[in-house]
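This report refers to the structure that appears directly beneath it.
Number of protein chains: 2
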Amino acid sequence: MDNDKSNSEKVFPFGEDLEGAAQNILIIGAGLCGSLLALRLGQRGYNVTVYEMRPDLRTTDISAGRSINLAFSDRGNKAIKLVGLEDKVKELCIPMNGRMIHDIEGKTFMSNYSGRDYEYINSISRGDLNALLLNEAEKHDNVTIDFNKKCKSVDFEKTTALFQDYNSKNEFIEDADCIIATDGAGSALRKSYYLSKKFLFSFSQEYLSHGYKELTFLPTETGDYKTYKNALHIWPRSSFMLIALPNLDGSFTVTLFLSYDEGEYNFNNLTTPEVVTEFFKKEFPDALAIMPNLVDDFFENPTAALGTVKCSPWHYKGNTLLMGDSAHAIVPFYGQGMNASFEDVVEFDKVLDQNLKNWDAIFKTYEKNRKKDTDAIADLAIDNFHEMKGHVANPIFQEKRKIEMALEKEFRNAYSSKYSLVTFNENIGYRQAMLKGRAQDKAILNLLTDKIISSDDDLKTILEKVNAETEAILEDDRIAGL
Amino acid sequence: MDNDKSNSEKVFPFGEDLEGAAQNILIIGAGLCGSLLALRLGQRGYNVTVYEMRPDLRTTDISAGRSINLAFSDRGNKAIKLVGLEDKVKELCIPMNGRMIHDIEGKTFMSNYSGRDYEYINSISRGDLNALLLNEAEKHDNVTIDFNKKCKSVDFEKTTALFQDYNSKNEFIEDADCIIATDGAGSALRKSYYLSKKFLFSFSQEYLSHGYKELTFLPTETGDYKTYKNALHIWPRSSFMLIALPNLDGSFTVTLFLSYDEGEYNFNNLTTPEVVTEFFKKEFPDALAIMPNLVDDFFENPTAALGTVKCSPWHYKGNTLLMGDSAHAIVPFYGQGMNASFEDVVEFDKVLDQNLKNWDAIFKTYEKNRKKDTDAIADLAIDNFHEMKGHVANPIFQEKRKIEMALEKEFRNAYSSKYSLVTFNENIGYRQAMLKGRAQDKAILNLLTDKIISSDDDLKTILEKVNAETEAILEDDRIAGL
Numbered sequence: 001m002d003n004d005k006s007n008s009e010k011v012f013p014f015g016e017d018l019e020g021a022a023q024n025i026l027i028i029g030a031g032l033c034g035s036l037l038a039l040r041l042g043q044r045g046y047n048v049t050v051y052e053m054r055p056d057l058r059t060t061d062i063s064a065g066r067s068i069n070l071a072f073s074d075r076g077n078k079a080i081k082l083v084g085l086e087d088k089v090k091e092l093c094i095p096m097n098g099r100m101i102h103d104i105e106g107k108t109f110m111s112n113y114s115g116r117d118y119e120y121i122n123s124i125s126r127g128d129l130n131a132l133l134l135n136e137a138e139k140h141d142n143v144t145i146d147f148n149k150k151c152k153s154v155d156f157e158k159t160t161a162l163f164q165d166y167n168s169k170n171e172f173i174e175d176a177d178c179i180i181a182t183d184g185a186g187s188a189l190r191k192s193y194y195l196s197k198k199f200l201f202s203f204s205q206e207y208l209s210h211g212y213k214e215l216t217f218l219p220t221e222t223g224d225y226k227t228y229k230n231a232l233h234i235w236p237r238s239s240f241m242l243i244a245l246p247n248l249d250g251s252f253t254v255t256l257f258l259s260y261d262e263g264e265y266n267f268n269n270l271t272t273p274e275v276v277t278e279f280f281k282k283e284f285p286d287a288l289a290i291m292p293n294l295v296d297d298f299f300e301n302p303t304a305a306l307g308t309v310k311c312s313p314w315h316y317k318g319n320t321l322l323m324g325d326s327a328h329a330i331v332p333f334y335g336q337g338m339n340a341s342f343e344d345v346v347e348f349d350k351v352l353d354q355n356l357k358n359w360d361a362i363f364k365t366y367e368k369n370r371k372k373d374t375d376a377i378a379d380l381a382i383d384n385f386h387e388m389k390g391h392v393a394n395p396i397f398q399e400k401r402k403i404e405m406a407l408e409k410e411f412r413n414a415y416s417s418k419y420s421l422v423t424f425n426e427n428i429g430y431r432q433a434m435l436k437g438r439a440q441d442k443a444i445l446n447l448l449t450d451k452i453i454s455s456d457d458d459l460k461t462i463l464e465k466v467n468a469e470t471e472a473i474l475e476d477d478r479i480a481g482l
Numbered sequence: 001m002d003n004d005k006s007n008s009e010k011v012f013p014f015g016e017d018l019e020g021a022a023q024n025i026l027i028i029g030a031g032l033c034g035s036l037l038a039l040r041l042g043q044r045g046y047n048v049t050v051y052e053m054r055p056d057l058r059t060t061d062i063s064a065g066r067s068i069n070l071a072f073s074d075r076g077n078k079a080i081k082l083v084g085l086e087d088k089v090k091e092l093c094i095p096m097n098g099r100m101i102h103d104i105e106g107k108t109f110m111s112n113y114s115g116r117d118y119e120y121i122n123s124i125s126r127g128d129l130n131a132l133l134l135n136e137a138e139k140h141d142n143v144t145i146d147f148n149k150k151c152k153s154v155d156f157e158k159t160t161a162l163f164q165d166y167n168s169k170n171e172f173i174e175d176a177d178c179i180i181a182t183d184g185a186g187s188a189l190r191k192s193y194y195l196s197k198k199f200l201f202s203f204s205q206e207y208l209s210h211g212y213k214e215l216t217f218l219p220t221e222t223g224d225y226k227t228y229k230n231a232l233h234i235w236p237r238s239s240f241m242l243i244a245l246p247n248l249d250g251s252f253t254v255t256l257f258l259s260y261d262e263g264e265y266n267f268n269n270l271t272t273p274e275v276v277t278e279f280f281k282k283e284f285p286d287a288l289a290i291m292p293n294l295v296d297d298f299f300e301n302p303t304a305a306l307g308t309v310k311c312s313p314w315h316y317k318g319n320t321l322l323m324g325d326s327a328h329a330i331v332p333f334y335g336q337g338m339n340a341s342f343e344d345v346v347e348f349d350k351v352l353d354q355n356l357k358n359w360d361a362i363f364k365t366y367e368k369n370r371k372k373d374t375d376a377i378a379d380l381a382i383d384n385f386h387e388m389k390g391h392v393a394n395p396i397f398q399e400k401r402k403i404e405m406a407l408e409k410e411f412r413n414a415y416s417s418k419y420s421l422v423t424f425n426e427n428i429g430y431r432q433a434m435l436k437g438r439a440q441d442k443a444i445l446n447l448l449t450d451k452i453i454s455s456d457d458d459l460k461t462i463l464e465k466v467n468a469e470t471e472a473i474l475e476d477d478r479i480a481g482l
């Protein structure tokens, strides 16, 4: 049964040892992760207060400088099922069955995400999904969401947070039984951890040498899509790329990933309409043909950075916890940012089911279970940056993909590529998907290079050789302690 | 010729395009790296001003919470040769030919660092070496060193630094043509980069779950060493370890590496003299027998953290540069911290020799050449933590070491283990040493496990098999894009 009622009935409101009364939980940030978490904790019976720095996106038009559509796939959907919203979310989804690769002459070919036709990803509007989650969370009397309240800092010893009201500029302090920060890559709680120096806080922020800029393919005059709807379009150009994801209104959100300062064309030297047009004419002629709005978009929209954030510990005692991007912001190239944050809520929910004795034990168990997987997806997302901008156009990579498609189609349960393990196998963690997926990739590439397999061979023979080589690679790594 | 004069004569004072007059360089920090850099830049004719936050260690007794002896090896010696101090430094060195492993019953065996008897590392006093470098730097009229001046922040746009005098508490601003921060893991310049948010600054600080505490083996009443002098002693206990390095006065500096909060005994629960003594009696009985001062040392000395710092960029335009630990602090397990910082000075000196047109070009070239190697030694040092506390006591690891010793002895120029590549092969970079060394380790461990080689085989056959397997591993990694 996929409705809120059935879900809230089968959960328990709080651990028996959590002092016997409903706990007050303060959530910082009502983005995708925060609103889903508020909904789930509301369903579980906690008293939930959420403060969001931005205005309510349901009544104000804000893009907030973030991608306006996102890839939504099985791990995210597992969380959506948990809160009973699968059908409502499905209405917002546009299936993308594969990558449509555009070469420099405008020729295209489709590279499916899986050899199994029921495995695909979806394009979804960030705003529509966030609005749905806010609406559903607010249906619970025990959930309150307040906007235009920016968190300035968190006193994690006292379990209080300092907020400022955007309109009045007044500052006020809120306390709670525990505070969960889902306030994104620039988290106020994470900053308070870092600056306090009260405990050993491991932390990293790593930027790519590339930034990104959002552009648009507008719909046709009759509201149709200007290019094939059900694909993630890629123009891979080795050191840079353009991608496009469809929106429900017939438009596509287009993103240019490009170095800030290297190469013939880069963000630092694309400074005039002439140079921008010249660049697109040379590198993306078929895209340019459907982008009369290119120059306006290019100079109106900001150029944004691509960063990875990792840190540890995520929690301070049982007082405060980082969740979602605040704990593990990743680059967008695996389409897993939102999915990973949603999966956080599923994993957190599982720990709540264990009836641990206090928040400290809950937070500790959650981080121990979860961090290895969010570290893995951060690394996988960077791998995929290189794969998308370059390898997808490389003959040996294409032969590998051809073999993997055939294996996935022929052996429904016995073979999944790295992409499938990460994207469509929500019952194994990202780390396990990474270790097995990388070993498989290495196995197939080596077997192809050494001419031990070819894409014309019998599939069963290929599968046996790939499995044996993968196992040998994993075993050698185990012995070497890698 | 190893004296200052010969060295300062053969260098040039400044690049022709650096405006024709001696450049004023401000160095923040007169530790090992800062004092060596001041000496070298003084030899090259620059006007050098150094500010150090601590008092002058030549006239004040300060340990400053840091190891009082260090491992000094070939990469560090390359820098010492560059400044003409090889003979003077040699007088401060105690050769350590290998690891002396102490098992739980107090039995010992020696595991040499190399199969070649001229390859060994040295124990050296941090204070004595620093004092020598300060004395030599101050012999240059164009070098000034000022103590008790703490850097609070750096304005990297204006190329000025804010200092506070320890005694008067007065603050003052210094400007320079460029500023080089050698102010260690807690660098004020790096903090200014991070907090400014004026450019994309990638940064990481990663702490191990273990901390360390320094203890002592005092000399005998007649001033002799209580255990074998010419070794780095290790008591490996898998999840923790004790090590000891000799000092010239007959004492050893002993360091306990132990988890803060895991395991039966940890820093958080070693809170009474009884428990500390019980722990040593059980785990390090032969060490305890020569440590009547254990309990006093244990409760007087601080417990310190073990962290790795990486960041990028190291420089801001041609105005400011991070060097040494401020750019790349590493854990101590490869004995390469000081050696890496000294090698920074050698690499920086090489770039100065290129006569580039300005500081921006010099700093950019230096970081491009150098960062890959300091990233590698950071990772190698963490590998070696696991090797030292555990693997050295593991039979297959010992068989690997036995084979490597034999190969190094038999093939003087044709084989070097990972340890030798890192420690004794100063003409290849850390990154190359890491890639080749890790592949060799994996090759030997796999060949041993698969019983393709054994330590009784003919050495020439072993070498051929190891080389072939190493090459195959590197080739497979290349194909897989690793």
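Chains as they are written, first to last, in full-length UniProt numbering: chain D, 1 to 482; chain A, 1 to 482.
Every residue gets a Cβ at the ideal spot worked out from N, C-alpha and C, and that includes glycine.
Values in this document were obtained by computation on a predicted structure and should not be read as measured data.
With 16 or more neighbouring CB atoms inside 10 Å of its own CB, E404 (chain D) falls in the buried class.
Taking the Cβ atoms as the reference, V331 (chain D) lies roughly 20 Å from F397 (chain D), outside the contact range of under 8 Å. With respect to the C-alpha of M338 (chain D), the residue from D:V154, D:Y366, D:I68, D:F201 having the closest C-alpha is D:I68. Sixteen is the threshold: when 16 or more other Cβ atoms of the shown chains lie within 10 Å of the Cβ of R401 (chain D), as they do, the residue is buried. Each of D:S455, D:S73, D:A361, D:L380 was checked against the Cα of R438 (chain D), and the nearest Cα belongs to D:L380. Exposure of D61 (chain A) is indicated by the presence of fewer than 16 other C-beta atoms within 10 angstroms of its C-beta. Boundaries of the beta strand (DSSP E) around L245 (chain A): 241-246. CA-to-CA, the gap between K436 (chain A) and E136 (chain A) works out to about 38 Å. Out of A:T182, A:H315, A:A231, A:T449, the CA that lies nearest to the CA of Y193 (chain A) is found in A:H315.
T271 (chain D) has a beta carbon lying at 8 Å or more from every beta carbon in chain A. Against chain D, the beta carbon of E404 (chain A) has no neighbour under 9 Å; the closest one sits roughly 15 Å away. Check the Cα spacing between K213 (chain D) and each of D:F299, D:K191, D:N247, D:V275: the tightest is with D:F299.
Taking 7 Å as the upper bound on Cβ-Cβ separation, chain A lies near residues L200, S202, F203, S204, Q205, E206, Y207 of the segment 180-208 of chain D.
Boundaries around L39 (chain A) are those of the alpha helix (DSSP H), 32-43, since no beta strand (DSSP E) includes it. A straight-line Cα-Cα distance of about 15 Å links L195 (chain A) and T320 (chain A).
Only residues of its own chain outside the window of five on either side were considered, and among them N130, L133, L134, A137 have a CB closer than 7 Å to the CB of S35 (chain A), listed in chain order.
Listed along chain D are A480, G481, each with a C-beta nearer than 9 Å to that of D441 (chain A). Annotated as distal: K364 (chain D) and S312 (chain D), with beta-carbon spacing of 8 Å or more. Residue state for R99 (chain A) is assigned as strand, using DSSP reduced to three classes. The beta-bridge partner set that DSSP reports for M110 (chain A) consists of A:M100. Within the segment 109-175 of chain D, the complete beta strand (DSSP E) segments at least 3 residues long are 121-125, 143-146, 149-155, 160-165, 171-175, listed from N- to C-terminus. Nearest to P55 (chain A) by alpha-carbon distance, out of A:G127, A:M241, A:N268, is A:G127. Around S202 (chain A), the same chain offers C311, S312 as residues with beta carbons nearer than 7 Å, after the five sequence neighbours per side are excluded. Restricting attention to beta strand (DSSP E) runs no shorter than 3 residues, the segment 271-337 of chain A encloses them at 303-312, 320-322, ordered along the chain. For the pair Y46 (chain A) and N142 (chain A), the CB atoms are nearer than the 8 Å cut-off. E475 (chain A) carries a helical assignment under DSSP once its states are collapsed to helix, strand and coil.
Taking 8 Å as the cut-off, the Cβ atoms of F257 (chain D) and H210 (chain D) count as close. A buried status is given to K442 (chain D), since no fewer than 16 other beta-carbon atoms sit within 10 Å of its beta-carbon. In this structure, M241 (chain D) lies away from M110 (chain D), with their beta-carbon atoms at least 8 Å apart.
Excluding residues up to 5 positions away in sequence, I121, G335 lie with their Cβ nearer than 6 Å to the Cβ of A71 (chain A) in the same chain. Below the 9 Å Cβ cutoff, chain A contributes E475, D476, I479, A480 as neighbours of N446 (chain D), in chain order.
Under a 10 Å Cβ-count criterion, T159 (chain A) is classified as buried, with 16 or more other Cβ atoms of the shown protein chains found around its own Cβ. Rounded to whole angstroms, F267 (chain D) and A361 (chain A) show a C-alpha spacing of 21 Å. The beta carbon of N24 (chain A) is closer than 6 Å to those of N47, A176, D177 in its chain, skipping five residues each way along the sequence.
In this structure, the CA atom of N293 (chain D) is about 12 Å from the CA atom of P219 (chain D).
With a threshold of 8 Å between beta carbons, A305 (chain D) makes contact with chain A.
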